[in-house]
Amino acid sequence: MKNNNDNLNLSLNSRLNNSSNEPTDQKLTGTCDVSVIMPTYNCLDYLPMAIASVLSQKVDLELLIVDDGSDDGSGEWLAHQAAHNDCIRIIKGEHKGVSAARNLAIAEARGEYVAFLDADDYWYDDKLRLQLAYHKSQPDLVLSFTDYDHFSESDEDLGRCFTFWPRFNRLLQDEAQCLRLTGALKTSVYEENVIGTSTVMVRTDALQKAQGFDETLHSASDWDLWLRLLEFGDFMAIKPSLMGYLVRQNSISRNVERRLKSFELILDRFQPAMMALNPACVAPARARLALAWAEAWQEQKDGYWKAIGAYTKACYQLPTSRNLKALAAHIIRG
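Residue numbers (our numbering): 120 to 453.
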């Protein structure tokens, strides 16, 4: 699974059982550079690769794994890993969802920075070291994130994240390896939900001030958190792809309407603050939501005219060729 990246030539047994990357004084000081937070629920098939990719990172870290009520044998397997590697700590969740699981680990984090990794994703070598270098050289930086690769369950390469977001991708066309999101550029995070959670490194003090993930949201609690963190400073977008993301069939939300209502709530929640930075950001953000509604309705038996209305709204808010083609395609398909 997802083994076509040349940078991830890991020997699983040696990575899981070798703690040589852990500083000898970590237990004495009770601190580290990075607290890695990994929530998991019935992901035993993917955990070995995810954990190995963390232990391959050449930084001072602790790995906090929140077992959110798994019943696939993950608990026993994780206990064995923790017993053989002092940098791994297991936290028992109450199966309240991924936001609650991450918040449990945030409360226990001892690192100066926090990095997130889902149990079915994995990092490429040097991912944390590169991000940590950016943060150390610019201590006022609140959060950094990277591009990442999508893979199917059959290991098919489905492309990179940033290319899926045309407005954001245009900001990255120069030769620079990174882009600091400051001032009006911050609103690019509002226009397009471009940040992959498993690519994020964030200052722990800012994360605690923002009070972690909103557990009341049915979806997109990560996007909501990134938008709250913009209040505390600048973000850094890092152009290289440093992570592999697994697109799983059962990871697609079954309740699309509830998910889109969460998106709408988030847009409403942050619109005043984003408009203060860049009034032009609202139209593309609303157009993106209208497109999502249109795509949901066109799959419904009686949703043809609702989809027409949503596509038309998206074209009115953002009359791009892409949106116009989507409307035309829906009309032609009937």
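Idealized CB from N, CA, C, for every residue including glycine.
Here the structure is a predicted model, which is why all the values come from computation and not from measurement.
How about Arg279: is its C-beta nearer than 9 Å to some C-beta of chain B?
The structure shown contains no chain B, having only a single protein chain.
According to DSSP, is Thr316 part of a helix, a strand, or is it coil?
Taking the first residue of the sequence shown as position 1, residue 316 is located at position 197. Thr316 falls in the helix class under three-state DSSP.
Hey, out of His254, Leu410, Thr301, Ser271, whose CA is closest to Val375's CA?
Translated into the one-based positions of the sequence shown, residue 375 becomes position 256. Checked all of His254, Leu410, Thr301, Ser271; the closest Cα to Val375 is Leu410.
Hey, how far is the Cα of Ile317 from the Cα of Thr150?
Indexing the sequence shown from 1 puts residue 317 at position 198. Indexing the sequence shown from 1 puts residue 150 at position 31. Here residue 317 turns out to be Ser, not Ile, going by the sequence shown. Between the C-alpha atoms of Ser317 and Thr150 there is a straight-line separation of about 22 Å.
Mind the definition here: the region 327-346 touches the region 213-224 only if three or more C-beta pairs lie below 8 Å; say whether that holds.
Contact between the region 327-346 and the region 213-224 is established, with three or more Cβ pairs separated by less than 8 Å.
Whole angstroms are fine: how far does the CA of Arg452 sit from the CA of Glu272?
Start at 1 with the first residue of the sequence shown, and residue 272 comes out as number 153. Start at 1 with the first residue of the sequence shown, and residue 452 comes out as number 333. When rounded, the distance between both Cα atoms is 30 Å.
Taking just the CA atoms, how far does Arg289 sit from Lys425?
Counted from its first residue, the sequence shown places residue 425 at position 306. Counted from its first residue, the sequence shown places residue 289 at position 170. Put simply, the backbone Cα of Lys425 is about 31 Å away from that of Arg289.
Which full runs of the alpha helix (DSSP H) of 4+ residues lie inside the region 192-223, going along the chain?
Contiguous alpha helix (DSSP H) elements confined to the region 192-223 occur at 193-203, taking only those with 4 or more residues.
Whether Met157 touches Ala228 by CB criterion (9 Å):
Counted from its first residue, the sequence shown places residue 157 at position 38. Counted from its first residue, the sequence shown places residue 228 at position 109. Not closer than 9 Å, so no.
Skipping 5 residues on each side, what residues in its chain have a beta carbon closer than 6 Å to that of Ser360?
Against the sequence shown, residue 360 aligns to sequence position 241. If we look at Ser360 and ignore the five residues flanking it on each side, its Cβ neighbours are Asp266, Tyr267, Asp268, Arg279.
On the criterion of 16 or more Cβ atoms from any shown chain inside 10 Å, does Glu310 qualify as buried, or is it exposed?
Position 191 of the sequence shown, counted from the start, is the residue given in the question as residue 310. By the neighbour-count rule (16 or more Cβ atoms within 10 Å), Glu310 is buried.
Hey, Met320 and Ala415 are a contact pair by Cβ (cut 8 Å); roughly how many whole angstroms apart?
Position 201 of the sequence shown holds residue 320. Position 296 of the sequence shown holds residue 415. Contact annotation, Met320 with Ala415: C-beta distance approximately 33 Å; criterion of less than 8 Å not satisfied.
Considering only the alpha carbon of each residue, which of Cys400, Asp240, Leu379 lies closest to Thr306?
Taking the sequence shown and counting its residues from 1, the one referred to as residue 306 is at position 187. Residue Cys400 is the option with its Cα nearest to Thr306.
Output the residue ranges of the alpha helix (DSSP H) runs that lie fully inside the region 364-417 and measure 4 residues or longer, sorted by chain position.
Taken in chain order, the complete alpha helix (DSSP H) segments of 4 residues or longer contained in the region 364-417 are 375-396, 401-416.
Where does Lys358 fall in DSSP's three states?
Within the sequence shown, numbered from 1, the residue matching residue 358 stands at position 239. Under the three-state reduction of DSSP output, Lys358 falls in the strand class.
Arg299, enclosing beta strand (DSSP E) - first and last residue
Mapped onto the sequence shown, residue 299 falls at position 180. Note, Arg299: beta strand (DSSP E), 297-300.
Identity of the residue in Ala402, Leu365, Lys177, Asp324 nearest Tyr241 by Cα
In the sequence shown, counting from the first residue as 1, residue 241 sits at position 122. The residue with the shortest Cα to Cα distance from Tyr241 is Leu365.
Between which two residues does the alpha helix (DSSP H) holding Phe66 run?
As displayed, the chain neither begins before 120 nor continues past 453, which places residue 66 out of reach and without an answer.
Would you decide whether Ala339 is buried or exposed? Buried here means 16 or more other CB atoms lie within 10 Å of its CB.
Walking along the sequence shown from the start, residue 339 turns up at place 220. Classification of Ala339: buried, given that the 10 Å Cβ count is 16 or more.
Alpha carbon to alpha carbon, how far is Phe264 from Arg208?
In the sequence shown, the residue the question calls residue 264 occupies position 145. In the sequence shown, the residue the question calls residue 208 occupies position 89. Looking at the two C-alpha atoms, the distance is approximately 24 Å.
Just the C-alpha distance for Asp239 and Gly363, rounded to the nearest angstrom, thanks.
In the sequence shown, residue 239 corresponds to position 120, counting from 1. In the sequence shown, residue 363 corresponds to position 244, counting from 1. Roughly 9 Å between the two C-alpha positions.
Candidates Asp324, Ala303, Pro403, Gln176: closest to Leu396 by CA position
Against the sequence shown, residue 396 aligns to sequence position 277. Here the closest residue by C-alpha is Ala303.
Residues in the same chain with beta-carbon distance under 8 Å from Leu163, minus the five sequence neighbours each way, listed in chain order, please.
By 1-based counting over the sequence shown, the position of residue 163 is 44. Around Leu163: Ser189, Asp191, Gly192, Ser193, Trp196.
Expected contact under 8 Å - CB spacing of Leu277 and Ala169 to nearest Å
Counting from 1 along the sequence shown, the entry for residue 277 is found at position 158. Counting from 1 along the sequence shown, the entry for residue 169 is found at position 50. Not confirmed; about 19 Å, so no contact.
Span separating the alpha-carbon of Ala226 from that of Lys432
By one-based count along the sequence shown, residue 226 stands at place 107. By one-based count along the sequence shown, residue 432 stands at place 313. So the alpha carbons of these two residues sit roughly 42 Å apart.
Near the ligand ATP: Thr265 beta-carbon under 8 Å from a heavy atom:
Judged by which ligands are present, the structure shown has none, so any question about the ligand ATP falls away.
From which residue to which residue does the beta strand (DSSP E) around Asp152 run?
Here residue 152 refers to the residue found at position 33 when the sequence shown is read from its first residue. Per DSSP, Asp152 belongs to the beta strand (DSSP E) from 151-159.
Alpha carbon of Leu472 to alpha carbon of Met355, nearest angstrom
The first residue shown for the chain is 120 and the last is 453, placing residue 472 beyond what the model contains.
Three-state secondary structure (DSSP) of Val233:
One-based indexing of the sequence shown puts residue 233 at position 114. The answer is strand: DSSP assigns Val233 an E or B state.
Tell whether a beta-carbon distance below 9 Å holds between Asp341 and Ile314.
Counting from 1 along the sequence shown, the entry for residue 341 is found at position 222. Counting from 1 along the sequence shown, the entry for residue 314 is found at position 195. Contact: yes.
Where does Thr143 sit, in a helix, a strand or coil, going by DSSP?
By one-based count along the sequence shown, residue 143 stands at place 24. With a pLDDT of only 32 at Thr143, under 50, the local geometry of the prediction cannot be trusted, and the value read off the model is given with reservation. DSSP, reduced to helix, strand and coil, places Thr143 outside both helices and strands of the structure shown, so it counts as coil.
Could you please give me the residues that DSSP links to His269 through a beta bridge?
Indexing the sequence shown from 1 puts residue 269 at position 150. Looking at the DSSP assignment, His269 forms a beta bridge with Gly278, Tyr364.
Rounded to the nearest angstrom, what separates Asp186 and Leu166 at their Cα positions?
For the purposes of this step, residue 186 is identified with residue 67 of the sequence shown, where counting begins at 1. For the purposes of this step, residue 166 is identified with residue 47 of the sequence shown, where counting begins at 1. Spanning the two alpha carbons is a distance of roughly 11 Å.
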